[in-house]
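A short worksheet on the structure shown next.
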Amino acid sequence: MTGKRDIKILTELLDLSGVKVISHRLHVEIGMILQVEQEKPFSICPKCGTTSYKLHQNHRHIIKDLPFGGKEVFLEINRRQFKCEECKKPFSEDLDFVKKKRTYTKRLAHKIIQEVLENNIHSVASKGIVTKDEIERMLKDASEELPNLKPINLKRLGIDEIALKRGHGNYCAVLVDLEQGKLITILSGRTQEIIKQTLMEWGTEVLENIEEVSIDLWTGYKKLVAELMPNAQVVADRFHVMTQINKELDTQRRREKRKVEDLIKKANTTEKSKYEEILTGLKNSKYPLLKNENKLNEEQLNKLIQVKEVSPILKEMHEFKEKIRKIFNNTKDWYSATFKLGIWLSKAKKYFPNSNNTIIRWFSEIVAYFDNRTTSGTVEGINNKLKLIKRLGYGFRNFDNFRIRCVLNWHPI
Ligand SMILES: [Zn+2]
Numbered sequence: 097m098t099g100k101r102d103i104k105i106l107t108e109l110l111d112l113s114g115v116k117v118i119s120h121r122l123h124v125e126i127g128m129i130l131q132v133e134q135e136k137p138f139s140i141c142p143k144c145g146t147t148s149y150k151l152h153q154n155h156r157h158i159i160k161d162l163p164f165g166g167k168e169v170f171l172e173i174n175r176r177q178f179k180c181e182e183c184k185k186p187f188s189e190d191l192d193f194v195k196k197k198r199t200y201t202k203r204l205a206h207k208i209i210q211e212v213l214e215n216n217i218h219s220v221a222s223k224g225i226v227t228k229d230e231i232e233r234m235l236k237d238a239s240e241e242l243p244n245l246k247p248i249n250l251k252r253l254g255i256d257e258i259a260l261k262r263g264h265g266n267y268c269a270v271l272v273d274l275e276q277g278k279l280i281t282i283l284s285g286r287t288q289e290i291i292k293q294t295l296m297e298w299g300t301e302v303l304e305n306i307e308e309v310s311i312d313l314w315t316g317y318k319k320l321v322a323e324l325m326p327n328a329q330v331v332a333d334r335f336h337v338m339t340q341i342n343k344e345l346d347t348q349r350r351r352e353k354r355k356v357e358d359l360i361k362k363a364n365t366t367e368k369s370k371y372e373e374i375l376t377g378l379k380n381s382k383y384p385l386l387k388n389e390n391k392l393n394e395e396q397l398n399k400l401i402q403v404k405e406v407s408p409i410l411k412e413m414h415e416f417k418e419k420i421r422k423i424f425n426n427t428k429d430w431y432s433a434t435f436k437l438g439i440w441l442s443k444a445k446k447y448f449p450n451s452n453n454t455i456i457r458w459f460s461e462i463v464a465y466f467d468n469r470t471t472s473g474t475v476e477g478i479n480n481k482l483k484l485i486k487r488l489g490y491g492f493r494n495f496d497n498f499r500i501r502c503v504l505n506w507h508p509i
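All residue numbers for the sequence shown refer to this note's numbering, where the first residue is 97 and numbers rise by one.
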């Protein structure tokens, strides 16, 4: 038996509006079981809106709630079935605190989702309060209840991508609100069709409002912007330009190394020591050459000096690489940027033929960067967070769960 005083206290502790505790029992093995009931003696017919007092059947079942005092708490609820006096059909009542056909309260789901966002499914499931299946169910429900994912007041859009599995070519497009530094959503792929579908769902009002779109150097994205966002300026992301330049520099580095290794094989003893010296200079020079020079530590700086001594071509290329990086960093306006990039192109052409072509092809989009200095820099920050979620998220059974989790991170429910 539970006394009136206990009932009152337990009802207050439970703190579910419109719900009172009828009785409680404690199972050492299981936890606390509270039998609860809706206070109101009626429900409203979902079909015709008539208030019905006519109880048809009781449907009792047990659901999980937030733990209390280190004990698991179960609620024995009664989802009553009423019979509508108007349309004569039975209906079961809606309970504010638990969704139909769920084995846990909404507030437990909310808490678990927060934990999953900070940890991962395995570790949350291992606490034993809810199972992995229940967590996946919770995430799915949450995604369906997510605020309408149409971006609000989106002016600067970033389109980037993230590899789901390293080296598997499994890429997802990442759409970001650059002004708010927020992920809008991530998509199951990065093809033009997939992105187009999502953009179309946003509707013309959203699309026409977009002023700038930062993309990597892929014409597919450029076409999409031209097709769907009539008022947007495409900005080629400067970091992707640098990636391409670095790639070309690295290719040359490997070429130089191979060349010397071949020479060593064919060389006589006197030549050999000379080539070996060059090879020593080239070895382990990747990061000293590719990393921003101002971020190198002393050891890397020494390496850089060494590699420049043994390879005049890498010396030139490194200096051109640093030069264009500084143009991006320091140029204040569109006009001088055009001028400086023009000079860079004419001088660097013989060292960076591929990058040179790319920059010429994307010249207006690259120069557009200097209008507002729009980059996917924010996107990079978001990408790091996404990578973290990906790592923590080991245990997600499918892409949807990963997406839900990412989106929930920036759009808390
Ligand atoms: Zn009715």
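No residue lacks a Cβ here, since even glycine has one placed at the ideal position from N, Cα and C.
The three-state secondary structure of Ile290, taken from DSSP, is helix.
According to the DSSP assignment, Gly377 belongs to no beta strand (DSSP E) but to the alpha helix (DSSP H) extending over Thr365 to Leu378. Between ligand 1 and the CB of Cys141, the shortest heavy atom gap is smaller than 7 Å. Going by beta carbons, Leu213 and Leu482 fall outside the 8 Å limit.
Residue state for Asp467 is assigned as helix, using DSSP reduced to three classes. Looking at Phe164, Leu171, Thr147 and Tyr149, the one whose alpha-carbon comes closest to that of Arg156 is Leu171. With respect to Leu151, Phe187 sits apart: the two C-beta atoms are not nearer than 8 Å.
For Ile255 and His336, the gap between their C-alpha atoms comes out near 12 Å.
Within 7 Å of the C-beta of Lys150 there is not a single heavy atom belonging to ligand 1.
Sequence-distant Cβ neighbours of Val220 in its own chain, meaning closer than 7 Å and more than five residues away, are Ile208, Glu211, Val212 and Ile231. Residue pairing of Ile282 in beta bridges, as defined by DSSP: Val270. For Met234, the secondary structure class from DSSP, reduced to helix, strand or coil, is helix. Taking 8 Å as the cut-off, the beta carbon of Ser381 is found closer than this to the beta carbon of Val403. For Leu260, the secondary structure class from DSSP, reduced to helix, strand or coil, is strand. When the Cα atoms are used, Asp111 and Arg233 turn out to be separated by approximately 25 Å. Its chain contains Val309, Ala328 and Val330 as the residues whose beta carbon lies nearer than 6 Å to that of Val321, once the 5 sequence neighbours on both sides are disregarded; these appear in chain order.
With distances taken between CA atoms, Leu274 lies nearest to Glu307 out of Thr287, Leu295, Ile258 and Glu307. Excluding its 5 nearest sequence neighbours in each direction, Glu181 has C-beta neighbours in its own chain below 7 Å: Thr146, Ser148 and Lys150, listed in chain order.
The alpha-carbon separation between Ser113 and Thr201 amounts to approximately 13 Å. Beta-bridge pairing by DSSP links Asn174 to Arg156.
Here Ile282 is buried: its Cβ has 16 or more other Cβ atoms, across all protein chains shown, within 10 Å.
Its Cα nearest to that of Lys399, the residue Gly377 stands out among Leu386, Gly377 and Lys417.
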